[in-house]
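Residue numbers (my numbering): 8 to 696.
Where is the CB? At the ideal position from N, CA and C, for every residue including glycine.
The structure displayed is predicted, hence computed values, not measured ones.
A quick write-up on the structure given underneath.
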Amino acid sequence: MKLKFTNLMLAGALCLSASVYAAHGDKPVKGKTSANPPKKFIDPANMDMSVKPGDDFFEYANGGWIKQNAIPAKETRWGSFNILRQENTDRLLALLTEVSKNTNQPKGSLKQRVGDLYASGMDSLAIEKKGYTPIQADLERIDKISDLNGIINELIYERVNGVGSPLFGFGVGQDSKHVDNYITQLRQGGTSLPDRDNYLKDDARSKKIQDALKTYISTLFTLTGSQQDAATKNANTIFEMEKKLANSQLSRVAMRDPNVTYNKFSVADFSKTTPHLNWVKLLPMLKVNGQDTVLVGQPAFFKDIDAMLAATSVEDWKTYLKWNVLKGSASSLSSPFVKAAFAYSSALSGQKVETPRTERMSGLVDGSLGELLGQLYVEKYFTPAAKKYMLDLVNNLKVTLGDRIKRLEWMSDATKAKALTKLNAFTVKIGYPDKWETYDGVVIDRNDYAGNLKRLSIWRYNFNVSRLGKPVDKTRWGMTPPTVNAYYNPTTNEIAFPAGILQFPFFDFGADDAVNYGGIGAVIGHEMTHGFDDQGRQYDADGTLRDWWTKDDADKFKVRATQVENQYNAFTVLDTMHVNGKLTLGENLADLGGLNIAYEAFKKTKQGKSNSKIDGFTPDQRFFLSWAQVWRGQQRPESAAQRILTDPHSPEQFRTNAPITNMDAWYAAFGIKPEDKMYKKPEDRIKVW
8 MKLKFTNLML AGALCLSASV YAAHGDKPVK GKTSANPPKK FIDPANMDMS
58 VKPGDDFFEY ANGGWIKQNA IPAKETRWGS FNILRQENTD RLLALLTEVS
108 KNTNQPKGSL KQRVGDLYAS GMDSLAIEKK GYTPIQADLE RIDKISDLNG
158 IINELIYERV NGVGSPLFGF GVGQDSKHVD NYITQLRQGG TSLPDRDNYL
208 KDDARSKKIQ DALKTYISTL FTLTGSQQDA ATKNANTIFE MEKKLANSQL
258 SRVAMRDPNV TYNKFSVADF SKTTPHLNWV KLLPMLKVNG QDTVLVGQPA
308 FFKDIDAMLA ATSVEDWKTY LKWNVLKGSA SSLSSPFVKA AFAYSSALSG
358 QKVETPRTER MSGLVDGSLG ELLGQLYVEK YFTPAAKKYM LDLVNNLKVT
408 LGDRIKRLEW MSDATKAKAL TKLNAFTVKI GYPDKWETYD GVVIDRNDYA
458 GNLKRLSIWR YNFNVSRLGK PVDKTRWGMT PPTVNAYYNP TTNEIAFPAG
508 ILQFPFFDFG ADDAVNYGGI GAVIGHEMTH GFDDQGRQYD ADGTLRDWWT
558 KDDADKFKVR ATQVENQYNA FTVLDTMHVN GKLTLGENLA DLGGLNIAYE
608 AFKKTKQGKS NSKIDGFTPD QRFFLSWAQV WRGQQRPESA AQRILTDPHS
658 PEQFRTNAPI TNMDAWYAAF GIKPEDKMYK KPEDRIKVW
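What follows is the structure, encoded as structure tokens:
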């Protein structure tokens, strides 16, 4: 999962499936009548049985489906996650369409704000009429800047007033070494392309992306009145400035070490390292008062941008600040801006046509008022029974992981005891929050789309900084209820499974245990394992970034982690591009651990102890086929290339194939032989958790 929230990304993360019946015998059977035949949870029509399972299990399990299902033009990839997300989007659209029709809801009510935000975004005629007037005042304000002090003041103004976040990242978050406290945090930023390497590489693919960015920049400037020559000059200026920023940034791999990005300074001392950025004065302007320390993710980056502030002309900085306004608002302005934004995005991702406006607005409401919209979603689509089943399943898998930890031959008893303490301290969140966010003070006007977005941005900022000095709120979620994903948060030592993922192919009440354990069970195990992957293992039971390992045990873990890293480094994704084993290590460890935990838990069930076939497949075969169909899918080449740079998850075919090659049970289930392409000698099969 990501940053603090490690996304399983089975979409970005995967989640839920499994039956509590595992521990209780028979399950209810739904809809088994002649008019409504039973659902095939493992359908041979989706498979390609001309492929040997030991040569390419992903293709064997999913090849038929992939051949029959092209990527829709509005998508960059298409598979199990995308289908489920589309189903949830359709559900949200039905809710939003219904609630937005009523124009007489009480002001400030849940339905008024959700419905009117959606309606304002769907009022394309009003949005077209306004053109770029919603940002005109911002551009004019920047035009009036005359000196470096004005540039610095604008950097602050834009954050506080919901305009943007130029040059660097700023926010308030948990102090990972003092987890009961919030602290001001600064981090690298300031670039537009997805990764620093997009600026620093000069291969044909990178140059194409760089040219797309320059075209995007010049187009937005021409749309706001610049002549083409001036717009082209602006694009080159901005690109060179952002390239300097990229050169000062740490790589994604370097930032995987949480100790590398934990740098605490007194505000006064940090200010001495950035003479043009006096944080003693700037923090109160950012509404941060009474704080004497700050966490800085990348101190060298801030030294570099401070020098860059002085070395770059005020006019160039004004151009850069205008670009920050333009890129932050383009997708919410009139159609020429939206089309320019899509053309740029398409060059990066390969997407063929724009996502329909209805779906874009649905996503915007979910992202902006997610815990209001989420209440409508769970009321209609999530039951208390599903939450209870999920909790029971999580508990079953916790017991199994605990048993596996106790049996580890490479770990000492001292470290095992602390690992078990951490496991037992996991907080589990299922479905939706126990306490809903109310978004107090957010005014939503049905006739003011741009104003709504700005007010929401200001509310988010004020909410974030208002946390300083308050107890850490561990009830908050990192995802909204309809999200098809799951996460582990190391600083709260919690695993969370939104309602949106508790559906097939992850989970179905009518499915057999093999299907549910291979789906949601493996997702649950994945999230648990994140607490013990190369990053998560560095946090203790209460979420504190603190070493609890003996040196010998840590060294043994690193040996096994390196084996996983090397296995994935060998996979070729596109042309000569390989999986980045270091970047994806945490997710790969979680996949391997999660699948092993789920399989062992499955073997405790009635079905897991039997050899009874369903639709021609044994229980063990169905377990592994269920795992494979979770990752069923394909992606466009542009998207695949970009994900190699930015995504901590390996491509789906390797998420399917790599973990199983380390599991003896898979070899037995499908009769895998030494001559098969995926075969690994027993002594080469990697075992970590």
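Counted within 10 angstroms of its Cβ, other Cβ atoms place residue i as buried (16 or more) or exposed
i, result
"Thr-612", "buried"
"Val-566", "exposed"
"Gly-128", "buried"
"His-533", "buried"
"Gly-623", "exposed"
"Pro-291", "exposed"
"Arg-453", "buried"
"His-656", "buried"
"Lys-616", "exposed"
"Arg-650", "buried"
"Thr-40", "Its pLDDT being 35, under 50, Thr-40 is placed unreliably in this model, and the coordinates cannot settle the point."
"Lys-325", "buried"
"Gln-75", "exposed"
Distance CB(residue i)-CB(residue j) smaller than 9 angstroms
i, j, result
"Glu-501", "Phe-609", "no"
"Gly-61", "Ile-679", "yes"
"Gly-304", "Thr-280", "no"
"Lys-215", "Ala-354", "yes"
"Tyr-468", "Gly-196", "no"
"Asn-664", "Phe-65", "yes"
"Ile-621", "Ile-49", "yes"
"Arg-474", "Val-179", "yes"
"Asp-264", "Gln-542", "yes"
"Leu-398", "Leu-117", "no"
"Gly-71", "Asp-55", "yes"
"Ser-341", "Tyr-139", "yes"
"Ala-561", "Asp-554", "yes"
"Leu-596", "Ala-568", "yes"
"Leu-599", "Val-571", "yes"
"Val-295", "Val-186", "no"
"Asp-654", "Thr-487", "no"
Three-state secondary structure assigned by DSSP to residue i
i, result
"Glu-105", "helix"
"Trp-484", "coil"
"Phe-677", "helix"
"Gln-195", "strand"
"Gly-61", "coil"
"Trp-330", "helix"
"Ala-354", "helix"
"Leu-340", "coil"
"Trp-85", "strand"
"Gln-298", "coil"
"Tyr-686", "coil"
"Phe-272", "strand"
"Asn-254", "helix"
"Phe-624", "strand"
"Leu-376", "coil"
"Tyr-494", "strand"
"Val-571", "helix"
"Val-321", "helix"
Bridge-paired residues (DSSP) for residue i
i, result
"Met-584", "Leu-581"
"Ile-163", "None, per the DSSP bridge assignment."
"Trp-443", "According to DSSP, which records beta bridges pairwise, Trp-443 is partnered with nothing at all."
"Pro-505", "Gly-438"
"Asp-182", "His-185"
"Gly-640", "Gly-86"
"Gly-176", "Arg-194"
"Leu-552", "Tyr-546"
"Val-345", "Note: Val-345 sits in no beta bridge, so no partner."
"Val-708", "No answer is possible for residue 708: it lies beyond the span of the chain, which begins at 8 and ends at 696."
When the options are compared against residue i, the one with the closest alpha-carbon
i, options, result
"Ala-675", "Pro-689, Ala-426 and Gln-358", "Pro-689"
"Tyr-698", "Ala-672, Ala-347, Ala-568 and Met-262", "With the chain represented from 8 up to 696, any question about residue 698 goes unanswered, as that position is not in the structure."
"Lys-694", "Asn-160, Arg-411 and Pro-644", "Arg-411"
"Ala-68", "Asp-123, Phe-272, Val-637 and Ser-369", "Val-637"
"Ala-347", "Lys-59, Lys-325 and Tyr-223", "Tyr-223"
"Gln-628", "Asn-270, Pro-141, Asp-519 and Ser-213", "Asp-519"
"Asp-480", "Thr-551, Asn-188 and Gly-438", "Asn-188"
"Asp-313", "Thr-422, Thr-668, Thr-110 and Asn-285", "Asn-285"
"Gly-550", "Asp-582, Pro-497, Gly-476 and Lys-558", "Pro-497"
"Gly-438", "Ala-426, Gln-382 and Gly-458", "Gln-382"
Residue i Cβ short of 8 angstroms to the ligand COA heavy atom set
i, result
"Glu-66", "For the ligand COA, the structure offers nothing, since it holds no ligand at all."
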